[in-house]
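Enquirer: Chains as they are written, first to last, in numbering that gives the first Met the number 0: chain A, 0 to 167; chain B, 0 to 167; chain C, 0 to 167; chain D, 0 to 167. Where a beta carbon is used, it is the ideal one built from N, C-alpha and C, also for glycine. The structure presented is a predicted model; accordingly, all values stated were derived computationally and were not measured.
4 protein chains.
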Amino acid sequence: MVGRSERAAEGVAEWAGDGKSNNERVAEQMTEGVKPEIRRHLENDPFAKSLGIELVEIHEGYAKCAMTVRPEMVNAHGSAHGGALFSLADFAFAVACNSHGRVAVALEVKINYLEAVLPGTRLIAEAKEEALGGRIGLYHLTVTEESGKIVASCHATAYRKKDWFVDK
Amino acid sequence: MVGRSERAAEGVAEWAGDGKSNNERVAEQMTEGVKPEIRRHLENDPFAKSLGIELVEIHEGYAKCAMTVRPEMVNAHGSAHGGALFSLADFAFAVACNSHGRVAVALEVKINYLEAVLPGTRLIAEAKEEALGGRIGLYHLTVTEESGKIVASCHATAYRKKDWFVDK
Amino acid sequence: MVGRSERAAEGVAEWAGDGKSNNERVAEQMTEGVKPEIRRHLENDPFAKSLGIELVEIHEGYAKCAMTVRPEMVNAHGSAHGGALFSLADFAFAVACNSHGRVAVALEVKINYLEAVLPGTRLIAEAKEEALGGRIGLYHLTVTEESGKIVASCHATAYRKKDWFVDK
Amino acid sequence: MVGRSERAAEGVAEWAGDGKSNNERVAEQMTEGVKPEIRRHLENDPFAKSLGIELVEIHEGYAKCAMTVRPEMVNAHGSAHGGALFSLADFAFAVACNSHGRVAVALEVKINYLEAVLPGTRLIAEAKEEALGGRIGLYHLTVTEESGKIVASCHATAYRKKDWFVDK
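(1) Whose Cβ in chain D lies nearer than 8 Å to the Cβ of His99 of chain A?
(2) Output needed for Glu107 of chain D: all residues of its chain with C-beta closer than 6 Å, excluding positions within five of it in sequence on either side, in chain order.
(3) Can you give me the C-alpha to C-alpha distance between Asp89 of chain D and Asp166 of chain A, rounded to a whole angstrom?
(4) Can you pull the DSSP bridge partners for Cys64 of chain A?
(5) In angstroms with no decimal places, state the Cα-to-Cα distance between Met29 of chain C and Lys127 of chain C.
(6) If you run the structure through DSSP and keep just helix, strand and coil, what is Glu144 of chain B?
(7) I want to verify the contact list: residues of chain D whose CB lies under 8 Å from the CB of Glu107 of chain C, in sequence order.
(8) Going along the segment 64 to 79 of chain A in order, which residues come within less than 7 Å of chain B, judged by CB to CB distance?
(9) Any idea what DSSP makes of Leu106 of chain D, helix, strand or coil?
(10) Which residues, in chain order, does the segment 112 to 137 of chain C contribute to contact with chain A at a C-beta distance below 8 Å?
(11) At the level of alpha carbons, what is the spacing between Gly100 of chain D and Ile110 of chain A?
(12) How would you call Asn74 of chain D, buried or exposed, if buried means at least 16 neighbouring beta carbons within 10 angstroms?
(13) Out of D:Leu113, D:Val94 and D:Glu125, which one is the CA nearest neighbour of Lys34 of chain D?
(14) Between the alpha carbons of Arg159 of chain A and Thr141 of chain C, how many angstroms are there, rounded?
(15) By alpha-carbon positions, which one of D:Leu122, D:Gly81, D:Lys48 and D:Lys161 ends up nearest to Val104 of chain D?
(16) Report yes or no: do three or more beta-carbon pairs, one from the segment 74 to 86 of chain D and one from the segment 128 to 136 of chain D, lie closer than 8 Å?
(17) Thinking just about the alpha-carbon of each residue, which of A:Gly136, A:Gly51 and A:Arg39 is nearest to the one in Arg121 of chain A?
(18) Between Ala62 of chain B and Ser98 of chain B, how many whole angstroms is the CB-CB distance? I'm expecting something under 8 Å.
(19) Taking only the alpha-carbon atoms, compute the straight-line gap between Tyr112 of chain D and Ala151 of chain D and give it to the nearest angstrom.
(20) Would you list, in chain order, the members of the segment 31 to 44 of chain C that have their beta-carbon closer than 7 Å to a beta-carbon of chain D?
(21) Taking 8 Å as the threshold (beta carbon to beta carbon), is Ala157 of chain A in contact with chain D?
(22) So the alpha helix (DSSP H) Ser86 of chain B belongs to, where does it begin and stop?
(23) Measuring CA to CA, which of D:Trp163, D:Ser146, D:His154 and D:Gly32 is closest to Met58 of chain D?
(24) Count the other C-beta atoms from every protein chain shown that fall within 10 angstroms of the C-beta of Lys48 of chain B, then say buried if there are 16 or more, exposed otherwise.
(25) Rounded to the nearest angstrom, how far is the Cβ of Lys148 of chain D from that of Glu114 of chain D, given a contact under 8 Å?
(26) Tell whether a beta-carbon distance below 8 Å holds between Val102 of chain A and Phe164 of chain A.
(27) Consider the Cβ of Val165 of chain B: report whether some Cβ of chain A lies at a distance smaller than 8 Å.
(28) Indicate the three-state DSSP secondary structure (helix, strand or coil) for Ser78 of chain A in the structure shown.
(29) Take the Cβ of Ser78 of chain B as the centre, count every other Cβ of all protein chains shown within 10 Å, and call the residue buried at 16 or more, exposed below.
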């Protein structure tokens, strides 16, 4: 049993950040690449492949992916299916949160749909790390058309396990 | 320009409910079916079909769907892909929020992942209407294994357009 | 480094559930009370007290709280402030996720606002555990008026620390 | 009743954007101020005032607010209460989404808590418009300590009513 002040001081330090500001972190992640085996492991995603999703770019805490909406990826109203858009975003999220080489799984993802998307449209999803702690990472994602028009946006939490899928 | 008290009195009535309690509504929706053309329209979902998703049950404000996780529906860690689970849940959500015959589109969906799911597992998604207003509907969804074990849960908002996809 | 199949089998077991179905759990939690020192500790919440929030009922994985919207708890449009409604719901969430005696902190909460609420209204928040694992708990909350009309709904994740705030 | 292709073409245009890219919009909003009566109206928020929240900066689609965590704003564990942090963020959100002079109400807000915050800490909340349509606006918010350390992050949807609270 711990007292109130200890808990307050410790805070959520089990999963807390590394003391860097968000801007410092974003600056870093944009300049650092990742080991080739990390990219290889993450690209080997059968569901993403089955939807024709490509991994365009990966840095530590960052991923960019692309997908063209196929005719069969629509819903009953004839627009791109929410599940297809989500799958593209979710893959970018998975790559970004696993980009450190440590196994990370999605805890929760919220997606906001902003525009209907027609079949044939090429979409770009970008995932950026907002915060990274020992157990938890937070990511902000956008899905845009090639024109830059935003069609969906996500805010997602990853849980970082103790395992590494590459040698540490 | 409206004054403060008018606005407060009116509240968010543009998209507000019908004065029924949630329990009254849930009781109703469980006993009412829907017109066959509504079911037919919603079942005709190309992306859901491509994933083998079945519409098991539909009532006003309610849907139950099923999907078996195929070997290609996994992620780089070998578990069922977050996008595949989401797509099943999203289809149940789409059916539930369109079950009234009026065109409804997803505004936002939050999914929480609770357990990893192995390929070959049969999953059931259930969507229940928590609240329904003129413009907005709120839904709670669960994805469970056949044993009843919950593997994911969603909380989702639909935006109801003015159009009806069946004759009113 | 672990292989794909091990990871899939283990899944997210670090924070996974106890194998009980959700219905079994809900049935249990409704009949079990909690130790008096757990209730005492959780009731001693200075911010909740400052807003006049009362803890009405607590069981394992469940809490019911109440608050009357005071004249100063409104926003610029004259309705009950989103922050005030959230604070009521968040307190119910905190009580429910800490009801086991183990320190739990909020990871994320989504709130959906369904109706504007007038000052003077008495509100009830109920938090129910949807799923509980070693590290993670998931909760569904509603805020209703005394008539039963739902005015807000939340879906919230707790992170369970290793510490207990009562003797285990 | 509308056909599939019409609906797809129209998409969610009832609440869709204005065709500007997100970057164009962000660039604009940072340079435009707002009418003094808009600021005056939004600052007159009784609940925010009762918590000592200040409106530091407002532009179209943007707000910055500040609050110092008072001793009574803590939870049972002695850290800043989730409801207090949320209330700060929610006020920044309300200001940003109402900054156009048109009445906007919160539809949903997700908050992620990243670090425990001690009483006495001065916090800054910033709200930025990610997308704006006829009926819907999407906002991304951060709550940081003065050091720049991020302690919470929100992703929030506003519903824009037909009324204006200033002369259009």
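Expert: Once the coordinates are examined:
(1) Here the premise fails: no neighbours, minimum Cβ distance about 17 Å.
(2) Thr156
(3) 43 Å
(4) A:Leu54 and A:Ala124
(5) In this prediction, Met29 of chain C has a pLDDT of 45, which is less than 50 and means its spatial position is unreliable; nothing more can be read from the coordinates.
(6) strand
(7) Lys109, Ile110, Asn111 and Tyr112
(8) Glu71, Met72, Val73, Asn74, Ala75 and His76
(9) strand
(10) Arg134 and Ile135
(11) 27 Å
(12) buried
(13) D:Val94
(14) 30 Å
(15) D:Lys161
(16) no
(17) A:Gly51
(18) 7 Å
(19) 5 Å
(20) His40, Leu41, Asn43 and Asp44
(21) no
(22) Gly81 to Asn97
(23) The question names Met, but residue 58 of chain D in the sequence shown is His. For the residues D:Trp163, D:Ser146, D:His154 and D:Gly32, the minimum Cα distance to His58 of chain D belongs to D:Gly32.
(24) exposed
(25) 7 Å
(26) yes
(27) no
(28) coil
(29) buried
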